[in-house]
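Undergrad: Taking this note's numbering, the leading residue of the sequence shown gets 35, the next gets one more, and so forth.
Beta carbons are placed, not taken as given, at the ideal position from N, Cα and C, and that holds for glycine.
Bear in mind the structure is a predicted one, so any value in this text is a computation, not a measurement.
Below you will find the structure I want to go over with you.
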Amino acid sequence: MILLCLAAGAGYAALLYSAKAPWSQTLNYALAALRFVVVSFLGFLLLSPFLKTTTTTTEQPTIVLAVDDSQSVGLFTPAAVLGQATAGLQQLAETLRGRGFKVETRTLSTRRPPRPDSLRFQAPATDLDELLTGIKEGYDGRNLAGVVLLSDGIVNQGRSPVYSEFSFPIYSVAVGDTVPKKDLSLPALTYNRVAFSGNKFPIEADISYEGFAGGTAVVQLREQGRVLQTQRVKLPGGRRRQKATFLVTAPAPGKRRYEIVIEKQAGEFTLLNNAKFAYLEVVKGKLRVLLAGAAPHPDLKALRAAIRQNDNFDLTTYLPGIAPLRAQDFDVAILHQLPARGGVGADVLARVRARRVPALYVIGAQSDLNAYNNLGTGLTITPRGTQTDDVTPVLNPAFSRFTFEEDALRRFAAYPPAPVPFGDLRLAGGAEAALFQQVGRLKTQKPLLVMGGTPSQRQATLLTDGSWQWRLQEAADHDDRPEAYDRLIVRTLQLLTANANKKRLDVYPTQDAFSTQDDVTFGAETYNTIFERIYNQQITLTLTDEQKKARTFSFTNNEDGAPLHLGPLPGGVYRYVARATLGGQAQQDVGEVLVQEQQLETLDARADHNLLYQLARRSGSRLYYPSQFAQLTQDIQQANAKPVIYSQEDLKDLINLKWLFFLLLALVTAEWAARKYLGGI
Numbered sequence: 035m036i037l038l039c040l041a042a043g044a045g046y047a048a049l050l051y052s053a054k055a056p057w058s059q060t061l062n063y064a065l066a067a068l069r070f071v072v073v074s075f076l077g078f079l080l081l082s083p084f085l086k087t088t089t090t091t092t093e094q095p096t097i098v099l100a101v102d103d104s105q106s107v108g109l110f111t112p113a114a115v116l117g118q119a120t121a122g123l124q125q126l127a128e129t130l131r132g133r134g135f136k137v138e139t140r141t142l143s144t145r146r147p148p149r150p151d152s153l154r155f156q157a158p159a160t161d162l163d164e165l166l167t168g169i170k171e172g173y174d175g176r177n178l179a180g181v182v183l184l185s186d187g188i189v190n191q192g193r194s195p196v197y198s199e200f201s202f203p204i205y206s207v208a209v210g211d212t213v214p215k216k217d218l219s220l221p222a223l224t225y226n227r228v229a230f231s232g233n234k235f236p237i238e239a240d241i242s243y244e245g246f247a248g249g250t251a252v253v254q255l256r257e258q259g260r261v262l263q264t265q266r267v268k269l270p271g272g273r274r275r276q277k278a279t280f281l282v283t284a285p286a287p288g289k290r291r292y293e294i295v296i297e298k299q300a301g302e303f304t305l306l307n308n309a310k311f312a313y314l315e316v317v318k319g320k321l322r323v324l325l326a327g328a329a330p331h332p333d334l335k336a337l338r339a340a341i342r343q344n345d346n347f348d349l350t351t352y353l354p355g356i357a358p359l360r361a362q363d364f365d366v367a368i369l370h371q372l373p374a375r376g377g378v379g380a381d382v383l384a385r386v387r388a389r390r391v392p393a394l395y396v397i398g399a400q401s402d403l404n405a406y407n408n409l410g411t412g413l414t415i416t417p418r419g420t421q422t423d424d425v426t427p428v429l430n431p432a433f434s435r436f437t438f439e440e441d442a443l444r445r446f447a448a449y450p451p452a453p454v455p456f457g458d459l460r461l462a463g464g465a466e467a468a469l470f471q472q473v474g475r476l477k478t479q480k481p482l483l484v485m486g487g488t489p490s491q492r493q494a495t496l497l498t499d500g501s502w503q504w505r506l507q508e509a510a511d512h513d514d515r516p517e518a519y520d521r522l523i524v525r526t527l528q529l530l531t532a533n534a535n536k537k538r539l540d541v542y543p544t545q546d547a548f549s550t551q552d553d554v555t556f557g558a559e560t561y562n563t564i565f566e567r568i569y570n571q572q573i574t575l576t577l578t579d580e581q582k583k584a585r586t587f588s589f590t591n592n593e594d595g596a597p598l599h600l601g602p603l604p605g606g607v608y609r610y611v612a613r614a615t616l617g618g619q620a621q622q623d624v625g626e627v628l629v630q631e632q633q634l635e636t637l638d639a640r641a642d643h644n645l646l647y648q649l650a651r652r653s654g655s656r657l658y659y660p661s662q663f664a665q666l667t668q669d670i671q672q673a674n675a676k677p678v679i680y681s682q683e684d685l686k687d688l689i690n691l692k693w694l695f696f697l698l699l700a701l702v703t704a705e706w707a708a709r710k711y712l713g714g715i
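Following this line, the structure appears as structure tokens:
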């Protein structure tokens with residue numbers, strides 16, 4: 035085909051320039067050659083030729099310095115040993131870089147760690163498995179020659195890394211101290227998170243002791259520095275654990291922080307683990323829940339089981355026609371398939387509406403949708419015949435009235451489909467979907483769980499009577515612990531009963547409690563004089579800690595529901611006051627938020643070098659100490675890690691090269707200009 039292109043070019047040039055020309059013969063041959071080149075090359079381009087290029091890159095072997103920069107390393111490693119270790123890491127990095135290695139640093143606490151000799155050991159928890167797994171995933175497919183792990187081997191979060199598989203050598207460098215310390219500590223406290231005002235509740239302290247067998251420990255229960263109770267606990271020989279139990283009378287409702295403290299004894303190694311906090315909420319008594327259904331149904335059992343998991347609820351179940359409904363007030367009602375066709379359960383509905391009881395409506399096959407649409411729940415359902423869709427729940431990312439854990443979202447994805455009415459679903463002003471419907475793999479904007487009503491009577495709607503399948507499936511998949519389903523039902527009831535008054539300003543923490551590592555966030559709702567939701571209102575939040583130190587924040591509540599982010603806060607009970615001017619009137623809301631201090635890194639002062647030894651041995655390496663960095667450097671070099679050469683082929687159509695277009699244009703232009711100037715034939 036190339037010969038054919040050349041023949042076409044030669045023929046074209048011969049036909050055009052064989053006649054006698056008004057210019058010299060030499061110029062005639064030059065113009066013929068120019069036409070031959072242009073025509074032949076254009077014909078060649080019609081054959082769709084391409085260029086194949088091969089790019090070769092060389093990647094040097096990489097060594098990752100994985101540093102456990104947790105507080106336990108800094109607290110319990112002798113300063114001289116820790117200084118030797120960090121200096122050794124820096125020297126190791128410089129030596130390896132000089133030998134052609136790439137050296138990078140990873141830590142527990144920072145994404146961009148500093149130089150090894152300027153590390154700050156301040157991480158509040160140690161998860162070595164997450165650190166090593168992150169390296170494994172981040173360097174997948176790269177030339178990773180090994181990981182140097184500097185740690186004391188103490189793991190207090192996540193699973194132990196010895197149960198994970200790693201495909202690279204792990205050179206463990208052990209710091210800390212494995213010698214048992216003469217010490218008293220409080221590893222754990224056992225107590226109920228919720229207590230009822232006026233009731234007595236226990237706080238059980240687990241006391242660990244080393245070197246004090248046969249003695250006595252003085253343990254105190256304190257609140258805001260005041261000593262409430264004191265116990266003298268005997269520490270018998272032959273054991274290392276003892277318990278102390280305090281029986282406390284719950285005071286007025288609110289969030290409480292109690293402190294258990296072991297008094298200092300002579301010769302004790304450290305006092306950092308002598309105190310631990312108990313965080314709980316004192317409530318005014320159990321919330322009375324009415325669970326009423328149009329007929330017996332598996333949903334009722336699932337809902338009842340979820341509610342009974344929480345000690346804060348007192349449950350009454352009612353089915354029309356079986357037994358009369360007790361004459362008592364309820365704080366919240368779950369109305370399953372009520373209102374129903376034929377007027378079933380009309381007495382329950384009348385009582386709920388007359389007393390403005392917050393209600394969760396569960397829609398099912400027996401529901402009277404026309405009667406439901408007249409209740410003012412914030413949702414209108416217009417069915418299309420008796421058809422249903424089979425759906426699973428999916429989170430509405432804009433919903434912020436309560437939060438869903440990542441684990442809960444994964445569990446939702448495994449739920450079996452449940453039936454919902456097929457038709458038009460319309461949300462009224464102020465109503466918001468907490469969950470959307472997912473049909474197969476298609477995530478829709480149709481609501482599945484709706485929060486609506488008015489501030490004086492909050493109402494919610496779940497559009498399926500098949501949620502019992504969700505709880506059953508979750509229990510089967512997670513060792514009979516359907517936590518995500520139970521939390522969804524409980525938090526919905528808590529939201530319905532929270533602040534059930536005519537407040538025009540409602541500011542609230544987005545979680546029941548935060549830890550000192552969490553970003554503390556607040557949500558806010560504002561209403562006009564007829565209690566319609568309004569947005570973009572300027573709100574001032576004043577947060578006061580237990581030492582009466584106040585912090586003030588200003589923000590606006592936007593339609594996207596974005597919360598106010600305060601960042602991490604020290605442990606304690608904070609009281610807050612929120613203020614705003616709505617429609618020219620000053621509004622105020624008050625409340626409390628709890629931040630729990632974990633103190634994980636002070637619990638164990640004894641290093642676990644056996645864990646580091648197992649990690650190294652399983653990867654074909656060995657355990658090193660800070661004085662052996664020279665040997666470690668030599669062993670890494672003797673491992674004979676080689677650079678990896680990668681080659682990549684690239685195919686590119688020749689016709690797509692822009693410079694060829696301009697070259698051909700220049701040749702054609704030169705021929706045309708010469709003929710024009712000298713006179714054409």
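(1) Below 8 Å on the Cβ atoms is my contact criterion, and I expect isoleucine 204 with leucine 645 to pass it. Report the Cβ-Cβ distance as a whole number of Å.
(2) DSSP state of threonine 576, grouped into three classes?
(3) Can you name, in chain order, every residue of its own chain whose Cβ lies under 6 Å from the Cβ of proline 95, other than the five neighbours on each side?
(4) According to DSSP, aspartate 458 sits in a beta bridge with which residue or residues?
(5) Find out if the Cβ-Cβ distance for the pair threonine 279, proline 236 is shorter than 7 Å.
(6) Helix, strand or coil: how does DSSP classify aspartate 669 here?
(7) Measuring CA to CA, which of Ser231, Gly248, Arg266, Lys215 is closest to alanine 239?
(8) Threonine 144 by DSSP, collapsed to three states: which one?
(9) For isoleucine 204, which of helix, strand or coil comes out of DSSP?
(10) Among the residues of its own chain, which have a CB less than 7 Å from the CB of threonine 92, if the five just before and after it don't count?
(11) Assign tyrosine 406 to one of two classes, buried (16 or more other C-beta atoms within 10 Å of its C-beta) or exposed (fewer than that).
(12) Give a yes or no on whether the C-beta atoms belonging to phenylalanine 548 and valine 541 are separated by under 7 Å.
(13) For leucine 603, which residues of its own chain have a beta-carbon under 6 Å away from its beta-carbon, when the five flanking residues on both sides are left out?
(14) Between the C-alpha atoms of asparagine 190 and serine 104, what's the straight-line distance to the nearest angstrom?
(15) Which residues in the same chain have their Cβ closer than 6 Å to the Cβ of asparagine 535, if we skip the five residues on either side of it in sequence?
(16) Would the C-beta of tyrosine 205 count as close to the ligand ZN, meaning under 6 Å from any of its heavy atoms?
(17) Give, in chain order, every unbroken run of the beta strand (DSSP E) that is at least 3 residues long and sits entirely within the stretch 256–326.
(18) With DSSP collapsed to three states, give me the class of glutamate 683.
(19) Can you tell me the Cα-Cα spacing of alanine 326 and glycine 192, whole angstroms?
(20) Exposed or buried, what is arginine 149 when buried is set at 16 or more other beta-carbons lying within 10 Å of its beta-carbon?
(21) Using a Cβ-Cβ cutoff of less than 6 Å, which residues in the same chain neighbour glutamate 315 once the five nearest sequence positions on both sides are dropped?
(22) Note down the Cα distance separating threonine 667 from alanine 673, rounded to an integer number of angstroms.
(23) Anyone know if the C-beta pair for lysine 100 and leucine 165 falls short of 7 Å?
(24) Only counting runs of 4 or more residues, tell me where the alpha helix (DSSP H) segments fall wholly within the stretch 131–195, in order along the chain.
(25) Apart from the five residues on each side of it in sequence, which residues of its chain come closer than 6 Å, Cβ to Cβ, to phenylalanine 587?
(26) Could you tell me which of Asn62, Leu49, Ser52, Leu38 sits nearest to alanine 708, measuring between CA atoms?
(27) Taking buried to mean at least 16 other C-beta atoms within 10 Å of its own C-beta, is isoleucine 715 buried or exposed?
(28) Would you mind working out which of Tyr658, Gln528, Ser194 sits nearest leucine 321, comparing C-alpha positions?
(29) Suppose you measure from the CA of proline 285 to the CA of arginine 585; what does that come to, to the nearest Å?
(30) Excluding the five sequence neighbours on either side, which residues of its own chain have a C-beta within less than 7 Å of the C-beta of aspartate 402, listed in chain order?
(31) Grab the span of the beta strand (DSSP E) containing arginine 609 for me, first residue to last.
(32) Which residues does DSSP list as the beta-bridge partners of serine 104?
(33) For glutamate 439, which three-state DSSP category applies?
(34) Are the beta-carbon atoms of alanine 639 and phenylalanine 246 separated by less than 7 Å?
(35) Where does serine 454 land, buried or exposed, given buried means 16+ other C-beta within 10 angstroms?
TA: Let me lay it out:
(1) For the purposes of this step, residue 204 is taken as residue 170 along the sequence shown, with counting starting at 1. For the purposes of this step, residue 645 is taken as residue 611 along the sequence shown, with counting starting at 1. The pair is not a contact, with the Cβ atoms about 11 Å apart (cut-off 8 Å).
(2) Position 542 of the sequence shown, counted from the first residue, corresponds to residue 576. Three-state DSSP puts threonine 576 in a strand.
(3) Within the sequence shown, numbered from 1, the residue matching residue 95 stands at position 61. Within the same chain, and ignoring the five residues on either side of proline 95 in sequence, the residues whose Cβ sits closer than 6 Å to its Cβ are Phe135, Asn177, Ala179, Ala675.
(4) By one-based count along the sequence shown, residue 458 stands at place 424. Beta-bridge pairing links aspartate 458 to Thr416.
(5) For the purposes of this step, residue 279 is taken as the residue at position 245 of the sequence shown. For the purposes of this step, residue 236 is taken as the residue at position 202 of the sequence shown. Yes; because the gap between Cβ atoms is below 7 Å, this pair is in contact.
(6) One-based indexing of the sequence shown puts residue 669 at position 635. Of the three classes helix, strand and coil, the one that applies to aspartate 669 here is helix, per DSSP.
(7) Start at 1 with the first residue of the sequence shown, and residue 239 comes out as number 205. Of all alpha-carbon atoms in Ser231, Gly248, Arg266, Lys215, the one lying nearest the alpha-carbon of alanine 239 is that of Arg266.
(8) Walking along the sequence shown from the start, residue 144 turns up at place 110. Threonine 144 carries a coil assignment under DSSP once its states are collapsed to helix, strand and coil.
(9) Residue 204 sits at position 170 when you count from the first residue of the sequence shown. Three-state result, isoleucine 204: strand.
(10) Counting from 1 along the sequence shown, the entry for residue 92 is found at position 58. Shown here for threonine 92: same chain residues with a beta carbon closer than 7 Å to its own, the five before and five after excluded, namely Pro677, Ile679 in chain order.
(11) As a first step, residue 406 is located in the sequence shown; it is residue number 372 there, counting from the start. Buried: at least 16 other Cβ atoms inside 10 Å.
(12) Reading the sequence shown from its first residue, position 514 is the one you call residue 548. Reading the sequence shown from its first residue, position 507 is the one you call residue 541. It is not a contact, given that the beta carbons lie outside the stated cut-off.
(13) As a working mapping, residue 603 is identified with position 569 in the sequence shown. Cβ within range, chain order: Val554, Val629.
(14) In the sequence shown, counting from the first residue as 1, residue 190 sits at position 156. In the sequence shown, counting from the first residue as 1, residue 104 sits at position 70. In a straight line, the C-alpha of asparagine 190 is about 10 Å away from that of serine 104.
(15) The residue given as residue 535 occupies position 501 in the sequence shown. Note that asparagine 535 scores 47 on pLDDT, short of 50, meaning its location in the model is unreliable and no value can be drawn from it.
(16) As far as ligands go, the structure on display features none, and thus does not contain the ligand ZN.
(17) 260–268, 275–283, 288–296, 309–317
(18) Residue 683 sits at position 649 when you count from the first residue of the sequence shown. Three-state DSSP puts glutamate 683 in a strand.
(19) Stepping through the sequence shown from its first residue, residue 326 is reached at position 292. Stepping through the sequence shown from its first residue, residue 192 is reached at position 158. Looking at the backbone, the Cα of alanine 326 and that of glycine 192 are separated by about 42 Å.
(20) In the sequence shown, residue 149 corresponds to position 115, counting from 1. Looking at its Cβ environment, which holds fewer than 16 other Cβ atoms inside 10 Å, arginine 149 is exposed.
(21) For the purposes of this step, residue 315 is taken as residue 281 along the sequence shown, with counting starting at 1. Correct list, in chain order: Val228, Lys289.
(22) Position 633 of the sequence shown holds residue 667. Position 639 of the sequence shown holds residue 673. Linking threonine 667 to alanine 673 through their CA atoms gives a straight-line distance of about 10 Å.
(23) As a first step, residue 100 is located in the sequence shown; it is residue number 66 there, counting from the start. As a first step, residue 165 is located in the sequence shown; it is residue number 131 there, counting from the start. One point to set straight first is that residue 100 is alanine, not lysine, in the sequence displayed. Taking 7 Å as the Cβ cut-off, alanine 100 and leucine 165 qualify as a contacting pair.
(24) 162–172
(25) Counted from its first residue, the sequence shown places residue 587 at position 553. Short of 6 Å from the beta carbon of phenylalanine 587, and not among the five residues preceding or following it, lie these beta carbons of its own chain, in chain order: Leu575.
(26) If you number the sequence shown from 1, residue 708 lands on position 674. The shortest C-alpha separation from alanine 708 is found at Asn62.
(27) What you label residue 715 is simply residue 681 of the sequence shown in a count that begins at 1. Unreliable positioning characterises isoleucine 715 in this predicted model, as indicated by a pLDDT of 48, which lies under 50. The coordinate reading is nonetheless provided below. Isoleucine 715 comes out exposed.
(28) Translated into the one-based positions of the sequence shown, residue 321 becomes position 287. Closest by alpha carbon: Gln528.
(29) Translated into the one-based positions of the sequence shown, residue 285 becomes position 251. Translated into the one-based positions of the sequence shown, residue 585 becomes position 551. Roughly 27 Å separates the two Cα atoms.
(30) Reading the sequence shown from its first residue, position 368 is the one you call residue 402. The residues are Pro373, Ala374, Arg375.
(31) The count along the sequence shown starts at 1 and reaches residue 609 at position 575. Its beta strand (DSSP E) spans residues 606–616.
(32) For the purposes of this step, residue 104 is identified with residue 70 of the sequence shown, where counting begins at 1. In the DSSP output, where bridge partners are listed per residue, serine 104 has Ala157.
(33) Here residue 439 refers to the residue found at position 405 when the sequence shown is read from its first residue. Of the three classes helix, strand and coil, the one that applies to glutamate 439 here is coil, per DSSP.
(34) Within the sequence shown, numbered from 1, the residue matching residue 639 stands at position 605. Within the sequence shown, numbered from 1, the residue matching residue 246 stands at position 212. No, the pair does not count as a contact, with Cβ atoms beyond the cut-off.
(35) The residue labelled residue 454 in the question sits at position 420 within the sequence shown. Note on residue identity: the sequence assigns valine, not serine, to residue 454. Buried is the call here.
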